[in-house]
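*Asks:*
In this note's numbering, the protein residues as written are 805 to 1043.
(1) What does DSSP give as the partner residue(s) for residue 847 in the beta ladder?
(2) Within 8 Å, do at least three Cβ pairs link the segment 855-875 to the segment 887-904?
(3) Where does residue 861 sit, in a helix, a strand or coil, going by DSSP?
(4) Go through its chain and collect everything with a Cβ distance to residue 989's Cβ below 6 Å, but skip five positions before and after it.
(5) For residue 903, count the other beta carbons within 10 Å of its own beta carbon; 16 or more makes it buried, fewer makes it exposed. Which is it?
(6) If I follow the unbroken alpha helix (DSSP H) through residue 959, where does it start and stop?
(7) If you run the structure through DSSP and keep just helix, strand and coil, what is residue 914?
(8) Report yes if the CB atom of residue 926 is closer than 8 Å to the CB atom of residue 840, and no otherwise.
(9) I'd like to know if the segment 924-939 and the segment 962-976 are in contact, where contact means that at least 3 CB-CB pairs between them fall below 8 Å.
(10) Judging by CA-CA distance, which residue of 863, 956, 906 and 916 is the nearest neighbour of residue 849?
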């Protein structure tokens, strides 16, 4: 006597299941469950929420106009070029411009991400949706960071290669050259600043070094700028 059995499929219909009911059914019958969507296309903005946090400096008072105005020293002619007070106002304006660029870039990317459409004719599991959303988000962030790095690199190389002259005369200064044959005639030319260690500001990589604050007694507080955005470590020294 031979006995055999054949699997038999039983179709059970559930109308408009709730989220919890769908999860239970999917957990038991993930291979056979079919749940058509009433809406096959939906934007990410309807079911995702992104909290974008920028660097603390970009949210601080250091990039406000009040702070920039307060650190501006009116008479820079009496201050040595390597005194931080000659560049502090411009420095924070520079940082603010990059903060604004970063915020605008990420805002645009955030808008594009929210407008991304998820297309599916059947209801998908939470894992499937989260995986796809995370992949899209990672791609958006990677693209934004790459674009920012490229723009910063272009700006940096353009500035260095073209040898832009600071209006504060911190990297170049103007000098008059008189001709022996015509002492009443002078030619004005620019000359790159040369530091004590021999580094010249015309160097394509610049001359990074600590900046100082000089007082009337020639004492200084040296400030090491360890990163652009912006961790500042301080140490004091006497000269």
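Backbone N, C-alpha and C fix where the C-beta goes; we use that ideal spot for every residue, glycine too.
*Replies:* Well, looking at it:
(1) One-based indexing of the chain shown puts residue 847 at position 43. DSSP, once it has assigned bridges, lists 921 as partnering residue 847.
(2) yes
(3) On the chain shown, residue 861 is found 57 positions in, with the first residue counted as 1. Helix, per DSSP.
(4) Reading the chain shown from its first residue, position 185 is the one you call residue 989. Once the five neighbours on either side are set aside, the close Cβ partners of residue 989 are 983.
(5) Looking up residue 903 in the chain shown gives position 99. The residue in question, residue 903, is buried, as its Cβ has 16 or more Cβ neighbours within 10 Å.
(6) As a working mapping, residue 959 is identified with position 155 in the chain shown. Run containing residue 959: 930-966, per the alpha helix (DSSP H) assignment.
(7) Taking the chain shown and counting its residues from 1, one reaches residue 914 at position 110. Three-state result, residue 914: helix.
(8) Counting from one through the chain shown, the residue named residue 926 turns up at place 122. Counting from one through the chain shown, the residue named residue 840 turns up at place 36. In contact: residue 926 and residue 840 (Cβ atoms closer than 8 Å).
(9) no
(10) The residue you call residue 849 lines up with position 45 of the chain shown. Residue 916 is the option with its Cα nearest to residue 849.
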